[in-house]
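Written out below as structure tokens is the structure these notes cover.
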Amino acid sequence: MPAASLHAPNDALAELLAPDGYYKYLGVCKPSPAAESSGRSSEMEGPSGSSAKEDTLDEDTVKKAYRRLSRKHHPDKPGGDADTFRMLNRAQKVLLNPKLRQQYDILGIDLDDDEEEHADNNHHDHPDDKKDGNTAQGIVHEIASMALTTIVQLGVRTPYIAFTILKQARLPGHSLLDMLPPLLIATGLLCMFYGRVVSVGDSDSPDAGTTTAPSWTWLFWSGEVLVIAMFTFNSMSAIPKTPLVLSLLGIFSALTALWFRGKFWNYVIVLVMEGLLGVFVALAFPVMELILEAVLNEKLKRVGDKVRAHHRQLEAYYAAKLQQRDH
1 MPAASLHAPN DALAELLAPD GYYKYLGVCK PSPAAESSGR SSEMEGPSGS
51 SAKEDTLDED TVKKAYRRLS RKHHPDKPGG DADTFRMLNR AQKVLLNPKL
101 RQQYDILGID LDDDEEEHAD NNHHDHPDDK KDGNTAQGIV HEIASMALTT
151 IVQLGVRTPY IAFTILKQAR LPGHSLLDML PPLLIATGLL CMFYGRVVSV
201 GDSDSPDAGT TTAPSWTWLF WSGEVLVIAM FTFNSMSAIP KTPLVLSLLG
251 IFSALTALWF RGKFWNYVIV LVMEGLLGVF VALAFPVMEL ILEAVLNEKL
301 KRVGDKVRAH HRQLEAYYAA KLQQRDH
């Protein structure tokens, strides 16, 4: 928190800077976490749960106390102080903002680190926008979005690129290189078609039996490698296309094609695994975000308890010093 002033702070400023000082100086009862949660649930349920709001923070009381104290500490008034008035404004903002108040209740002190939050500035003018400050996505949510996008874009980007190339092909100035990805995929599909397994036999002579071509051909394998490599290449939007990356892509495609071998159930297994992985990412990452937030709040609560205990020890120490000085 920036330094308030170079001179010794007055009693009002010292009380505001103390742990839980916003509540004490404004004369507002600090609600318990259980009362806060019950108050939120009663607001969602409707008027039938209005009795649960009695123990929650009363915003009207905060506003009345702020108006009364702001007239007292205004810099233009006799005895007013600019630093105390600024801290009083900050106290009103924190107590009326659910997210900042939650952080203040956990730590007991105001970190004053929300200069980047523009949505909280108009909170008092727009009471319906209480959740505007909570729209910022956490790092866990960003990781979940990236993972889910990586899973989906493998099959989505190739049709999109083909559509974009087809649309740009009608415009003047296009080159053959722009048409290369869909042409290579088509070539790979043709190789897979002509290299597929076929059954050969003489239907007129039942004794002749039926002969089957080899269950795996190099033509089919090369076409499958080409298709897998192009699908994966088209999904690499942010990865640099260096020779090392292209070599690793070729090795990956060759090994993957050796496992697929054109078998239908192998493709089904991969699609099911991608679907399950997508569902897992969509469901697990929000839960992980909640768990991480709970662990972080618990750690901050311990820090806040230590700050409050240290403040009480300092108060007792200086009170004992004053008593010794008086005697």
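So in the UniProt record's numbering, the last one in the sequence shown is 327, and the numbering has no gaps at all.
Positions of the beta carbon are idealized from the N, C-alpha and C atoms, including for glycine.
Is P182 helix, strand or coil when you go by DSSP?
In this structure, P182 counts as helix in the three-state DSSP scheme.
Exposed or buried, what is R101 when buried is set at 16 or more other beta-carbons lying within 10 Å of its beta-carbon?
Counting Cβ neighbours within 10 Å, R101 comes out buried, since at least 16 surround it.
From I228 to V245, what does the alpha carbon distance come to, in whole angstroms?
Distance between the alpha carbons of I228 and V245: 15 Å.
Please state whether the Cβ-Cβ distance between G188 and L219 is less than 8 Å.
Contact flag unset, no.
Does the Cβ-Cβ distance between L95 and L57 come in under 8 Å?
In this structure, L57 lies closer than 8 Å to L95 by Cβ.
Can G108 and V307 be called in contact, C-beta distance under 8 Å?
Yes, Cβ-Cβ distance for G108 and V307 is below 8 Å.
Would a C-beta distance cut-off of 8 Å place L16 and A91 closer than the cut-off?
Cβ atoms of L16 and A91: closer than 8 Å.
Buried or exposed, going by whether 16 or more other CB atoms sit within 10 Å of the CB of P243?
Exposed is the call here.
Assign L88 to one of two classes, buried (16 or more other C-beta atoms within 10 Å of its C-beta) or exposed (fewer than that).
With 16 or more Cβ atoms within 10 Å of its Cβ, L88 is classed as buried.
To the nearest angstrom, how far is it from the Cα of A254 to the Cα of S235?
Going from the Cα of A254 to the Cα of S235 covers about 17 Å.
Please give the ranges of any alpha helix (DSSP H) in the segment 46-108, keeping only runs that are unbroken, at least 4 residues long and fully inside the region.
Correct list: 59-73, 82-96, 98-107.
Under 8 Å, do L249 and F260 count as touching if we go by C-beta distance?
Not in contact: L249 and F260 (Cβ atoms no closer than 8 Å).
Whole alpha helix (DSSP H) runs in the segment 241-321 with 4 or more residues, listed along the chain?
Taking only runs of at least 4 residues, the alpha helix (DSSP H) segments lying wholly in the segment 241-321 are 243-260.
Check whether the Cβ atoms of L180 and G223 lie closer than 8 Å to each other.
It is not a contact, given that the beta carbons lie outside the stated cut-off.
Using the C-alpha atoms, what's the distance from Y22 back to K72?
The straight-line gap from Cα to Cα measures roughly 16 Å.
Pull up the distance between the alpha-carbon of E315 and that of A14, whole angstroms please.
Going from the Cα of E315 to the Cα of A14 covers about 12 Å.
Using 10 angstroms around the beta-carbon of L183, count the other beta-carbons present and answer buried if the total reaches 16, otherwise exposed.
The residue in question, L183, is exposed, as its Cβ has fewer than 16 Cβ neighbours within 10 Å.
Expressed to the nearest angstrom, what Euclidean distance is found between the alpha-carbon atoms of Q103 and I185?
In a straight line, the C-alpha of Q103 is about 54 Å away from that of I185.
Are P19 and H311 closer than 8 Å when you measure CB to CB?
Yes, they are a contact pair.
Indicate the three-state DSSP secondary structure (helix, strand or coil) for D326 in the structure shown.
D326 falls in the helix class under three-state DSSP.
Determine the DSSP secondary structure at V28, reduced to helix, strand or coil.
It is coil, neither helix nor strand.
Rounded to the nearest angstrom, what separates M288 and L322 at their Cα positions?
C-alpha separation (whole angstroms): 51 Å.
Which stretch, first to last residue, makes up the alpha helix (DSSP H) that contains D11?
Residues 11-17.
If we ignore side chains and look at the alpha-carbon of each, how far apart do V225 and A282 end up?
Cα to Cα, V225 sits roughly 30 Å from A282.
With 16 as the cutoff for other CB atoms within 10 Å, does W265 come out buried or exposed?
Exposed.
To which residues of the same chain is H74 closer than 7 Å at the C-beta, ignoring the five residues directly before and after it?
Hits under 7 Å: G80, F85.
Below 8 Å CB to CB, which residues in the same chain sit around M230 once its five sequence neighbours on both sides are set aside?
So the list reads T158, P181, L184, I185, G188, once near-sequence residues are dropped.
Using only CA atoms, which one of S247, L258, K241 lies nearest to W221?
Nearest C-alpha to W221: L258.
Using only the alpha-carbon positions, how far apart do K263 and I269 sit?
Those two C-alpha atoms are separated by around 10 Å.
What separation, rounded to the nearest whole angstrom, lies between the Cα atoms of D112 and T256?
Computed Cα separation, rounded: 53 Å.
Taking 7 Å as the cut-off, is the C-beta of K63 nearer than that to any heavy atom in the ligand SAM?
In the structure shown, the ligand SAM is absent, as is every other ligand, since no ligand is present at all.
Between Y104 and chain B, is there a C-beta pair that is closer than 8 Å?
The chain labelled as chain B is not found in the depicted structure, where only one protein chain is given.
Can you grab the Cα-Cα spacing for the pair P98 / K241, in whole Å?
So the alpha carbons of these two residues sit roughly 47 Å apart.
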